[in-house]
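Asker:
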Amino acid sequence: MALDGIVTRAIVQDLQVLVGARINKIYQPTDSDIVFQIRAQRENRKLLLSANPTYPRVQFTEQSFMNPQEAPMFCMLLRKHCESGIIEAIEQVGMERIIHFQIRQRDELGDVSVKRIIVELMGRHSNLILVDPIANTIIDGIHHVTPAISSYRIIMPGFSYQEPPQQNKLNPLETGREQFLSSYADYADTSARFILDTFTGISPLIASEVVQRALQATPVQESADTQNLSTDSNSDQQQSQSPDKVDADALWTSFESFMEPIRQGQYDPVSGLNAKSKLIFSAVPLIQIQEEEKHYSSMSECIEAYYGSKAERDTVKQKTSDLLRFLQNERSKNIKKLDNLRKDQLEADDAEKYRIQGELLFASLHQITKGDKEIELINFYDEEQRPIKVQLDPQLSPSDNAQRYFKKYNKYKNSLAVIEEQLTRTHEEIAYLDSLLQQLQSAALQDIDEIREELAEQGYVRNRNKKNKKKKKDNRPTLHIYTSSEGIEMYVGKNNLQNEYITNKMANNNDTWLHTKDIPGSHVVIRSSEFGDATLAEAAQLAAYFSQAKESSSVPVDYTQIRHVHKPSGSKPGFVIYDHQTTLFITPEEDMIKRLSSTIKM
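Quick note: the sequence shown, position 581, residue 592 per the working numbering, numbers continuous.
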């Protein structure tokens, strides 16, 4: 795991600006995340405490979160015991991935109480625990650990708080040369494994870094450490395949030089790609970073860049998995239906052939005898008067055989119109499903419920929240607003409810509307009648980026005034027709999108 004790130490140093600050608001946007709104040093800050089993972290954040209409019980408890409280201290436990927040609050009776929020960043065992520090009693935890789950350590209201099991390792910041060399001399495994097994708060990434620095300083035969030690958490379980060890003095020098800036609190957060093109990050520079090295002004900024979108995309993926399966199945059904309709269309195209055969039979009834299976007739509709063979039903009379062909003719002639209508509807259905699939790919957490609501309104799924749902004021959906470099607002619809609102209800006739040409994507509206080329280019970037062609180059983006955009009567949500358009060709740039200032109105 990249978030080790060293990164935790850097985070805690960042958070010291909050000591003495007041917690204004507390929210719980997901099952694992808590967000504090804090007023500190004359500015408002958002602090994210996450016990996400895959991406646990503590950081300042600029992200916008959707909060449930009814706060979960743990959030309510935090509000009761910590809202309006003053943060008295933020401390790391040793070099462990554990952070204590000491919070003093005055209750409604005027009594002062102190509570402790303990953040344990332990992978799938991560937790946020509210504790009464005087009695050392758990008030509650965001994740409960019952006796059935663990007999060693229970996280439930009323139980005494017990720290995670001690690893009995040395603190790397307090270890001297003699102790280091003595421990190393007694260790039989590889050098990197020695670093991991001996010192607390060190990840496989850092252990590998220390060894590689030692090897650079004292070239020796490459050891198993750098060959087999992966940078991910699973490498803890790997066994070395060689007894080769780095020279003790070189390893100590490398270890000490790495730990000294950490001891002094001198951090330089960095991320980049290693030799295997895997993205890694650290609180200090790494020689393992080979490409795309990027430095950050704070550990929070680094963590936000590394984890932020990953965590949200994972959460979105979990919340949309059922919708994705449903939409993909519906699309497959419609593709199959399209194939069948095309086969029917080919058959129906033969209608004229059946009419001709019926006419020829009627003109030649005297040549046919009941019981005949086939007759060859001169086709007088053919310019060359070539003969054709007409199949007969031996059970029918000559007249009934002719009537049979006229019935086929009338059936297929009538069905052609129906088939054409069905083909049009099926193409529209596939386009609609493609647009929904694209929207789910780029949806933020706050957009998912609106997509589900749209599917319920269209009769695709059952509305699970029908009884509990509260109508939003003015029935307005979530609005994603970006500000151009010229200071002009640009609205982006991330789903059809948002597209319908910003295009058909909110926008003025002179506003400019953008959309990818013949490609599923977001509606974008520039809320101004006057703007420069920079705003137009940025709005086109938004349209291309939030579309099915996000990974493509030279994406065609149409733009026109809202007055030329119309929704056909009875069409699917989000579908419009437009004219008087101009087409730009845009290659989406994620960095440009990230540089744009954005807000969410809910």
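Glycine residues also receive a C-beta, built at the ideal position from the N, C-alpha and C atoms.
These figures come from a predicted structure and were not determined experimentally.
Would you mind working out which of L456, G369, A374 sits nearest N421, comparing C-alpha positions?
Answerer: G369
Asker: Could you round the C-beta distance between S171 and T157 to whole angstroms and report it? I think they count as a contact, below 8 Å.
Answerer: In fact, because the Cβ distance is near 15 Å, the residues do not count as touching under 8 Å.
Asker: Do M501 and Y512 have their CB atoms nearer than 8 Å?
Answerer: no
Asker: Can you list, in chain order, the residues of its chain with a C-beta nearer than 8 Å to that of L376? Leave out the 5 residues immediately preceding and following it.
Answerer: P409, S410, A413
Asker: Does DSSP put S202 in a helix, in a strand, or in coil?
Answerer: helix
Asker: Can you have a look at Y38 and say buried or exposed, based on whether 16 or more other CB atoms are within 10 angstroms of its CB?
Answerer: Burial state of Y38 is buried, judged by a 10 Å Cβ sphere holding 16 or more other Cβ atoms.
Asker: Give me the Cα-Cα distance between H575 and N519, rounded to the nearest whole angstrom.
Answerer: Cα-Cα distance, rounded: 11 Å.
Asker: Once the 5 residues before and after S124 are set aside, which same chain residues still bring their CB inside 7 Å of it?
Answerer: The residues Q116, D118, in chain order, have a CB closer than 7 Å to that of S124 in the same chain once the five nearest residues on each side in sequence are set aside.
Asker: Can the beta-carbon of L192 be found closer than 8 Å to that of I291?
Answerer: no
Asker: For the alpha helix (DSSP H) that V18 lies in, which residues bound it at each end?
Answerer: For V18, the uninterrupted alpha helix (DSSP H) run begins and ends at 16-26, by DSSP.
Asker: Mind checking A286: buried by the 16 CB within 10 Å criterion, or exposed?
Answerer: exposed
Asker: Helix, strand or coil: how does DSSP classify H377 here?
Answerer: Correct three-state label for H377: helix.
Asker: K305 to Q299, Cα distance in whole Å?
Answerer: Straight through space, the alpha carbons of Q299 and K305 are spaced by roughly 13 Å.
Asker: Quick check: the Cα distance between N182 and T211, rounded to an integer number of angstroms?
Answerer: Per the coordinates, the alpha-carbon of N182 lies some 6 Å from the alpha-carbon of T211.
Asker: DSSP three-state label for R33, please.
Answerer: Collapsing the DSSP output to three states places R33 in a strand.
Asker: Would P144 and R164 qualify as a contact pair, given that the criterion is a beta-carbon distance under 8 Å?
Answerer: Note that the C-beta distance between P144 and R164 is not below 8 Å.
Asker: By alpha-carbon positions, which one of E303, S268, F542 ends up nearest to G283?
Answerer: E303
Asker: With DSSP as the reference, identify every bridge partner of V257, one or two as the case may be.
Answerer: Beta-bridge pairing by DSSP links V257 to no other residue.
Asker: Alpha carbon to alpha carbon, how far is D122 from Q80? Give it in angstroms, no decimals.
Answerer: 30 Å
Asker: I'd like the list of long-range same chain contacts for I597, defined as Cβ closer than 7 Å, with 5 residues on each side in sequence excluded.
Answerer: A551, Q552, A555, V566, V568
Asker: Would you kindly report the start and end of the unbroken alpha helix (DSSP H) that includes D544?
Answerer: 544-556
Asker: Could you give the first and the last residue of the continuous alpha helix (DSSP H) run that contains L630?
Answerer: Within the shown structure, residues of the chain are numbered from 12 to 613, placing residue 630 beyond reach of any answer.
Asker: Mapping the DSSP letters down to three states, classify R164 as helix, strand or coil.
Answerer: R164 falls in the coil class under three-state DSSP.
Asker: Give me whichever residues DSSP pairs with D9 in a beta bridge.
Answerer: The first residue shown for the chain is 12 and the last is 613, placing residue 9 beyond what the model contains.
Asker: Please check the pair N515 and E465, which I expect to be a contact at CB under 8 Å, by giving their CB distance rounded to whole angstroms.
Answerer: No, N515 and E465 are not in contact; Cβ-Cβ is about 14 Å, not under 8 Å.
Asker: Whose CA, out of A259, L59, A467, lies closest to the CA of D197?
Answerer: A259
Asker: Could you tell me the boundaries of the alpha helix (DSSP H) in which P215 lies?
Answerer: Where P215 is concerned, the enclosing alpha helix (DSSP H) stretches over 215-228.
Asker: Alpha carbon to alpha carbon, how far is H491 from S609? Give it in angstroms, no decimals.
Answerer: 7 Å
Asker: Check for me: the alpha helix (DSSP H) holding S194 runs from which residue to which?
Answerer: If you look at S194, you'll find it in the alpha helix (DSSP H) that goes 188-196.
Asker: Evaluate I22 with the Cβ neighbour count: other Cβ atoms within 10 Å of its Cβ, from every protein chain shown; 16 or more gives buried, anything less gives exposed.
Answerer: buried
Asker: Could you tell me if M167 is buried or exposed, where buried requires 16 or more neighbouring beta carbons within 10 angstroms of its beta carbon?
Answerer: exposed
Asker: Within the segment 91-159, note down every full beta strand (DSSP E) run reaching 3 residues or more, in order along the chain.
Answerer: 97-103, 109-117, 123-131, 138-143, 148-152
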